[in-house]
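Peer 1:
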Amino acid sequence: MTDIQLLEKQMEPVIHKIIVDLKIEKTIDYSAINSLNDLLSDYRKQIKDQTLLPRSFVGKLFYLFSTMVLHAHYVNYRGDIMTEVFRLRVYLLSVFDETQFNNN
Numbered sequence: 261m262t263d264i265q266l267l268e269k270q271m272e273p274v275i276h277k278i279i280v281d282l283k284i285e286k287t288i289d290y291s292a293i294n295s296l297n298d299l300l301s302d303y304r305k306q307i308k309d310q311t312l313l314p315r316s317f318v319g320k321l322f323y324l325f326s327t328m329v330l331h332a333h334y335v336n337y338r339g340d341i342m343t344e345v346f347r348l349r350v351y352l353l354s355v356f357d358e359t360q361f362n363n364n
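To convert, count from 1 in the sequence shown and add 260; that's the working numbering.
(1) For Tyr351 and Lys286, I'd like the C-alpha separation in whole angstroms.
(2) I need the straight-line Cα distance from Gln270 to Asp302, nearest angstrom please.
(3) Would Gln306 and Leu267 be called neighbours here (beta carbons separated by less than 8 Å)?
(4) Can you tell me where the alpha helix (DSSP H) with Arg304 in it begins and where it stops?
(5) Tell me the DSSP secondary structure of Lys277 in three-state form.
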């Protein structure tokens with residue numbers, strides 16, 4: 261298993277926890293979000309030379325982001341929730357937009 265695959269495996273339960281908390285508990289676990297953001301930073305470094313990412317993993321990230329946006333709507337775009345949505349958006353953009361790698 262590659263380092264990239266290991267990071268994807270590490271992120272999957274974190275993504276799952278965040279989604280479950282949002283859908284069932286109607287809350288965000290900020291420590292899980294911070295953990296995911298840290299893992300995404302590592303992931304970004306690992307995929308720097310990659311041109312393809314697994315569709316299933318990208319789908320999980322897309323589902324997480326769309327679930328967070330839906331939750332933000334549910335709580336009337338509360339400031340603390342929106343901060344996390346925007347932070348995740350920045351991390352995801354840095355992962356999916358290869359031009360972001362020009363800065364490092």
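Quick reminder that beta carbons are idealized off the backbone N, C-alpha and C, glycines included.
Peer 2: Looking at the coordinates:
(1) The alpha-carbon atoms of Tyr351 and Lys286 are separated by roughly 23 Å.
(2) It is roughly 11 Å from the alpha-carbon of Gln270 to the alpha-carbon of Asp302.
(3) For the 8 Å CB-CB criterion, Gln306 and Leu267 form a contact.
(4) Here the alpha helix (DSSP H) through Arg304 covers Tyr290 to Gln306.
(5) Three-state DSSP puts Lys277 in a helix.
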